[in-house]
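For reference, each letter of the sequence shown is one residue, going 15 to 121 in the working numbering. Just so you know, even glycine gets a beta-carbon here, dropped at the ideal spot from N, CA and C.
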Amino acid sequence: AGTFLGAEPLDTSVFSESWEVLRKRLDGVPRERPIMTFCTGGIRCVKTNAFLEQELGFTNTFRLRDGIHGYLRHVRDTPGVASKWEGDNFVFYEHDDAAPSDDEEVL
Numbered sequence: 015a016g017t018f019l020g021a022e023p024l025d026t027s028v029f030s031e032s033w034e035v036l037r038k039r040l041d042g043v044p045r046e047r048p049i050m051t052f053c054t055g056g057i058r059c060v061k062t063n064a065f066l067e068q069e070l071g072f073t074n075t076f077r078l079r080d081g082i083h084g085y086l087r088h089v090r091d092t093p094g095v096a097s098k099w100e101g102d103n104f105v106f107y108e109h110d111d112a113a114p115s116d117d118e119e120v121l
């Protein structure tokens with residue numbers, strides 16, 4: 015597994031555990047505080063940010079567009095851009111136009 019430097023992992027086993035962890039972890043945090051989310055492909059971040067905004071009232075949420083997979087593809091395809099990703103990213107399928115980068119392992 016991997017992460018970005020400074021990220022705060024939720025330490026959950028399955029996605030459905032995220033909601034309770036987020037409720038507890040963000041209790042008392044000012045609702046205007048910026049929150050950036052990331053996930054493998056981007057879909058879970060859309061759901062997470064909707065939860066943060068609609069259920070918890072946060073007003074300043076952001077997500078990594080196209081997820082870690084898209085970010086690593088961008089780094090791979092853009093000369094001079096250094097990756098801020100540390101570790102591996104596991105992908106569960108392989109698209110013809112999105113071959114895994116050196117930081118990804120297809121399962």
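What is the rounded straight-line gap between the Cα of residue i and the Cα of residue j?
{"i": "Arg-87", "j": "Asn-103", "result": "12 angstroms"}
{"i": "Gly-94", "j": "Gly-101", "result": "20 angstroms"}
{"i": "Ala-112", "j": "Ala-64", "result": "With a pLDDT of 49 at Ala-112, under the threshold of 50, the modelled position of that residue is not reliable, and no figure is offered here."}
{"i": "Asp-91", "j": "Leu-19", "result": "22 angstroms"}
{"i": "Glu-34", "j": "Arg-58", "result": "15 angstroms"}
{"i": "Gly-42", "j": "Ile-82", "result": "29 angstroms"}
{"i": "Tyr-85", "j": "Val-60", "result": "16 angstroms"}
Would DSSP call residue i helix, strand or coil?
{"i": "Asn-74", "result": "coil"}
{"i": "Pro-114", "result": "Reliability of the predicted coordinates at Pro-114 is poor, the pLDDT of 49 falling under 50, and the value obtained from them is presented with this limitation in mind. Pro-114 falls in the coil class under three-state DSSP."}
{"i": "Gly-42", "result": "coil"}
{"i": "Thr-51", "result": "strand"}
{"i": "Gly-16", "result": "strand"}
{"i": "Glu-31", "result": "helix"}
{"i": "Gly-56", "result": "coil"}
{"i": "Gly-84", "result": "helix"}
{"i": "Glu-9", "result": "For residue 9 there is no data in the structure shown, the boundaries of the chain being 15 and 121."}
{"i": "Leu-36", "result": "helix"}
Could you work out which residue in the options is closest to residue i when comparing CA atoms only?
{"i": "Gly-56", "options": "Gly-20, Arg-77, Glu-34, Ser-30", "result": "Arg-77"}
{"i": "Lys-98", "options": "Gly-71, Phe-52, Phe-72", "result": "Phe-52"}
{"i": "Glu-69", "options": "Glu-22, Phe-29, Arg-45, Gly-84", "result": "Arg-45"}
Do residue j and residue i have their beta-carbon atoms positioned less than 8 angstroms apart in this structure?
{"i": "Thr-75", "j": "Ile-49", "result": "yes"}
{"i": "Leu-36", "j": "Leu-66", "result": "yes"}
Excluding the five sequence neighbours on either side, which residues of its own chain have a C-beta within less than 8 angstroms of the C-beta of residue i, listed in chain order?
{"i": "Ala-96", "result": "Val-89"}
{"i": "Thr-73", "result": "Arg-45, Glu-46, Glu-67"}
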